[in-house]
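Going line by line, the protein sequences match chains A and B. When you number the first sequence by numbering that gives the first Met the number 0, it's gap-free, plus one each residue, and the end is 426. When you number the second sequence by numbering that gives the first Met the number 0, it's gap-free, plus one each residue, and the end is 426.
There are 2 protein chains.
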Amino acid sequence: MKALSAFSREELLAFEQATAKQYEEFLAQKLSIDMSRGKPCTQQLNLSDSILDNVNTETGFKSANGTECRNYGIPAGIDECRQLFADILEVKPENIIVGGNSSLNLMFDYVAQCMLKGPTGEKGWAFEDEVIFLCPAPGYDRHFSICEYLGIKMVNVPMLATGPDMDVVEELVKNPKVKGLFCVPKYSNPMGITFSDETVERFAKLKPAAKDFRVIWDNAYCIHDLYEESDKLLNILTEAAKYGNEDTFVVFTSTSKITYPGSGVSAIAASTNNIKAIMARLTMQTIGHDKINQLRHARAFKDMKALNEHMQRHAEILRPKFEAVLDILSKELGELNIASWNKPRGGYFISLDVEVGSAKYVGKLCKDAGLVLTTVGATFPYGVDPEDKNIRIAPTFPPVDELKICCSLLCCCVKLAAARELLGKTE
Amino acid sequence: MKALSAFSREELLAFEQATAKQYEEFLAQKLSIDMSRGKPCTQQLNLSDSILDNVNTETGFKSANGTECRNYGIPAGIDECRQLFADILEVKPENIIVGGNSSLNLMFDYVAQCMLKGPTGEKGWAFEDEVIFLCPAPGYDRHFSICEYLGIKMVNVPMLATGPDMDVVEELVKNPKVKGLFCVPKYSNPMGITFSDETVERFAKLKPAAKDFRVIWDNAYCIHDLYEESDKLLNILTEAAKYGNEDTFVVFTSTSKITYPGSGVSAIAASTNNIKAIMARLTMQTIGHDKINQLRHARAFKDMKALNEHMQRHAEILRPKFEAVLDILSKELGELNIASWNKPRGGYFISLDVEVGSAKYVGKLCKDAGLVLTTVGATFPYGVDPEDKNIRIAPTFPPVDELKICCSLLCCCVKLAAARELLGKTE
Chain A
0 MKALSAFSRE
10 ELLAFEQATA
20 KQYEEFLAQK
30 LSIDMSRGKP
40 CTQQLNLSDS
50 ILDNVNTETG
60 FKSANGTECR
70 NYGIPAGIDE
80 CRQLFADILE
90 VKPENIIVGG
100 NSSLNLMFDY
110 VAQCMLKGPT
120 GEKGWAFEDE
130 VIFLCPAPGY
140 DRHFSICEYL
150 GIKMVNVPML
160 ATGPDMDVVE
170 ELVKNPKVKG
180 LFCVPKYSNP
190 MGITFSDETV
200 ERFAKLKPAA
210 KDFRVIWDNA
220 YCIHDLYEES
230 DKLLNILTEA
240 AKYGNEDTFV
250 VFTSTSKITY
260 PGSGVSAIAA
270 STNNIKAIMA
280 RLTMQTIGHD
290 KINQLRHARA
300 FKDMKALNEH
310 MQRHAEILRP
320 KFEAVLDILS
330 KELGELNIAS
340 WNKPRGGYFI
350 SLDVEVGSAK
360 YVGKLCKDAG
370 LVLTTVGATF
380 PYGVDPEDKN
390 IRIAPTFPPV
400 DELKICCSLL
410 CCCVKLAAAR
420 ELLGKTE
Chain B
0 MKALSAFSRE
10 ELLAFEQATA
20 KQYEEFLAQK
30 LSIDMSRGKP
40 CTQQLNLSDS
50 ILDNVNTETG
60 FKSANGTECR
70 NYGIPAGIDE
80 CRQLFADILE
90 VKPENIIVGG
100 NSSLNLMFDY
110 VAQCMLKGPT
120 GEKGWAFEDE
130 VIFLCPAPGY
140 DRHFSICEYL
150 GIKMVNVPML
160 ATGPDMDVVE
170 ELVKNPKVKG
180 LFCVPKYSNP
190 MGITFSDETV
200 ERFAKLKPAA
210 KDFRVIWDNA
220 YCIHDLYEES
230 DKLLNILTEA
240 AKYGNEDTFV
250 VFTSTSKITY
260 PGSGVSAIAA
270 STNNIKAIMA
280 RLTMQTIGHD
290 KINQLRHARA
300 FKDMKALNEH
310 MQRHAEILRP
320 KFEAVLDILS
330 KELGELNIAS
340 WNKPRGGYFI
350 SLDVEVGSAK
360 YVGKLCKDAG
370 LVLTTVGATF
380 PYGVDPEDKN
390 IRIAPTFPPV
400 DELKICCSLL
410 CCCVKLAAAR
420 ELLGKTE
């Protein structure tokens, strides 16, 4: 096999015909598979079922310091759950607020608070002429949705193998209208890359024109490694503190992909100033989050050893899935030079870049054959991939056998699109 | 015994001395009791412990229609939980959104949404010169806190035995800056009164100058009756629909005082238009609330019969507490004519009005003797009771014996304050 661009017109025609025939065979299978979201699979969910037995009349309802977890109160979360997230995010427990079941909700609320009141309560961003967020892209569609819903203008920043292009970030933050940035620093969604030490250090040193600039550091996959030798991410709060910039970063995470999506526990890690400003809102918003669920989680993971062992069981389920996808991509597309992809060592996604201008067409071909991918374009602000080339693969949910079919179909569609594009050009 | 105002100066001096001696005896007891919040007591919490066994590997994790409750999704809530709240609030399930653990959180988020985007997304209230909310008072301090935090100007509306003074409401809504009103229509916090049919009908007919005016109808105590013969509240959504005003009202409730405060389930009932506008925000804010907890609750209360039986068990615990307080108030203050109170047939509070200008002093006397009441003034906007006369009694949490001591101490302080006030006047 050689690069598709090196095929003669005859070879290309034959390749297109063979691939079209293969595609017809997929059509005949009448598949109906949804691979659009980064959802844990049933086998993963089963790993956490024992946490439901952690709080009941036999175990008791009191936290370690005697707090009755069934009643009102403790808006920042019970001590042992703050400690759990302090351990996960490598900060002090007093710099942790434990939330409800969704870190997305915490992020939305934080940005909404900034819009109405500003990060520290002086003046809401919404009352300025224009609010701009920098959006390293491809990125997480739900981050972009929050900005769009709140009327925040989004400006793309290219993602490199080391993280966001910091030359671009450093330049753009000179504009005082630029108020923030969303990012996933470890096993990024969808690229699966981890910000390099240099990237984190350049973030830590940032001196934006807007004094109320905030980075939403969505560390969703902080302990979600596939291999023992994991990516290492510098601690942004520690690094930023070296330059007096600890207020610039607000860190979010959750147990959605540790225990249950939807019935886990979320958390914020932030500087003393930011914790104070967030608590000023939170104590108006609620009398407290679900402490019984906090207790369930704290009792399940008494130390990082217990948590790491649990995460290894997730990895054992996910590793074969990621490897199956990478294996098929490599076999089917490896030498044709019509696509590129990352090999993530953790997280929930594999990002596939196809020929410029053909991602939407690939998405359509997949959909017509019964495979729903993440909407093409969704990994970019406003749902528009300027080069129309990025496809997000979410390999976690389908069983391996189904996943292999999905991935073979996807490769077939990528080849078909590339061949037709080249044939169009040579006509 | 006769009215204190009819006492001679000598009688009054003797009364003050006797009461002061009684107060000294309370001081000597070195009490330390917190009766500040409407918290269920331990015995009430115990009633719900069996719900924790409702979802586990044995019972399964799927909702009636087969939805996997451990995974992401279903932002409006699982069908059977929407049905549960539809039954409670007497609306259709499609007019229900099930939330997280806190209806306060739902209310805060709703008003914050109105501030940023307006109730239906045209224009945020925050971008107008001034936003005013009408505040029937005495009322729930946390409603007032939300307004204050969000920069909404509060205007007091007197509470009558029939609900808010609707003459005042109808007059004030002619001002287009008046955008909303918070209220607790059944067993109101703190008065324990239920809006009369006429009050609800006048609400339903309201034609405020502001087209985006909204009433936050906090039906927190909708099924929280103490007696079989309960107060009846007209259904505001049904009544309002008769006048095409169904979009004016958004109804909130929760199971915080049905199962666990902090680990219950909350809900919104609203018109089709309002549900649509709320879902537009909610689907940006979260992928879904805690469906396992929804399933726990739906399985616990399969029909209204099961729910009503459960609420009767709460009533059996609470009735003696309310009656003990009312009994002591009646015995100690009944004929002195220095205080008045309601006799609620449900809810969580008894509202005590003492002599004008003496509530703070009574609160201080109680505090000095080790009894913490709800901060005097907190039942009014900005924490200022203009007549300084309202005291909120929260009888649910302390055991009956302790409650009796609290209430005797409170009566002692009320008498002492009244006697000293009169003595001051006669000097």
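We put the beta carbon where it would ideally sit given N, CA and C, even for glycine.
Under a 10 Å Cβ-count criterion, Tyr-347(B) is classified as buried, with 16 or more other Cβ atoms of the shown protein chains found around its own Cβ. At least one CB atom of chain B sits nearer than 7 angstroms to the CB of Pro-260(A).
Residue environment for Met-165(A): buried (at least 16 other C-beta atoms within 10 angstroms of its C-beta). Among the residues of chain A, those whose CB is under 7 angstroms from the CB of Thr-285(B) are Ser-101, Leu-103 and Asn-104, following chain order. Of all residues in the segment 42 to 55 of chain B, only Leu-44, Asn-45, Ser-47, Asp-48, Ser-49, Leu-51, Asp-52, Val-54 and Asn-55 place a beta-carbon less than 9 angstroms from a beta-carbon of chain A.
Distance from the CA atom of Pro-118(A) to the CA atom of Ile-215(A), rounded to whole angstroms, is 12 angstroms.
Secondary structure at Ala-276(A): helix, using DSSP grouped into helix, strand and coil.
Taking C-beta separations shorter than 8 angstroms and ignoring five residues to either side along the sequence, the partners of Glu-334(B) in its chain run Met-0, Lys-1 and Ala-2, following chain order. Sequence-ordered contacts of the segment 287 to 311 of chain B with chain A read Gly-287, His-288, Asp-289, Lys-290, Ile-291 and Asn-292 [C-beta pairs closer than 8 angstroms].
Chain-order list of chain B residues neighbouring Phe-107(A): Met-283, Gln-284 and Thr-285, by C-beta distance under 8 angstroms. Around the Cβ of Glu-354(B), a 10 Å sphere holds 16 or more other Cβ atoms; the residue is buried. Take the alpha-carbon of Asp-387(A) and the one of Glu-420(A): they are about 13 angstroms apart. With contacts defined as CB atoms closer than 7 angstroms, Val-249(A) and Ala-269(A) qualify as a contacting pair. Beta-bridge analysis with DSSP links Met-158(A) to Pro-163(A). The shortest CA-to-CA distance from Phe-143(A) to any of Phe-181(A), Glu-129(A), Lys-116(A) and Glu-121(A) is the one to Phe-181(A). For Ser-144(A), the nearest beta carbon of chain B is closer than 7 angstroms to its own beta carbon.
Annotated as distal: Arg-69(A) and Leu-294(B), with beta-carbon spacing of 7 angstroms or more. Counting only residues of its own chain and dropping the five nearest sequence neighbours on each side, Ile-73(B) has a CB closer than 7 angstroms to the CB of Thr-66, Gly-287 and Lys-290. Under the DSSP assignment, Asn-307(B) falls in the alpha helix (DSSP H) whose first and last residues are 303 to 332.
For Ile-390(A), the uninterrupted beta strand (DSSP E) run begins and ends at 389 to 392, by DSSP. Counted as a single uninterrupted DSSP element, the stretch harbouring Arg-213(B) is not any alpha helix (DSSP H) but the beta strand (DSSP E) occupying residues 213 to 217. Contacts with chain B (Cβ-Cβ distance below 9 angstroms) from the segment 144 to 174 of chain A involve Ser-144, Ile-145, Glu-147, Tyr-148, Leu-149 and Gly-150, listed in chain order. Against chain B, the beta carbon of Pro-39(A) has neighbours under 8 angstroms at Asn-70, listed in chain order. Gly-345(A) has Asp-224(A) as its beta-bridge partners, per DSSP. Bridge pairing for Phe-251(A): Asp-217(A) and Ile-267(A) [DSSP]. Beta-bridge partners assigned by DSSP to Ser-350(A): Arg-391(A). Taking 9 angstroms as the upper bound on Cβ-Cβ separation, chain A lies near residues Asp-108, Ala-111, Gln-112, Met-114, Leu-115 and Lys-116 of the segment 108 to 119 of chain B.
When DSSP assignments are scanned along the segment 34 to 67 of chain A, no uninterrupted stretch of beta strand (DSSP E) that is 3 or more residues long falls wholly within it.
Secondary structure at Ser-407(B): helix, using DSSP grouped into helix, strand and coil.
The DSSP-derived three-state label of Ala-75(A) is coil. Following the DSSP letters along the chain, one finds Val-177(B) inside the beta strand (DSSP E) bounded by residues 177 to 182. Nearest neighbour of Asn-64(B) by Cα position, chosen from Pro-385(B), Asp-78(B), Glu-57(B) and Val-54(B), turns out to be Asp-78(B). Under the criterion of beta carbons closer than 8 angstroms, Phe-194(B) and Asp-217(B) do not qualify as touching, at roughly 12 angstroms.
If the five residues before and after Tyr-360(B) are omitted, its C-beta is found closer than 7 angstroms to the C-beta atoms of Ala-416, all from its own chain and listed in chain order. Here Pro-380(B) carries a helix assignment [DSSP, helix/strand/coil].
Scanning chain B for C-beta atoms nearer than 8 angstroms to the C-beta of Arg-36(A) yields Tyr-71, reported in chain order.
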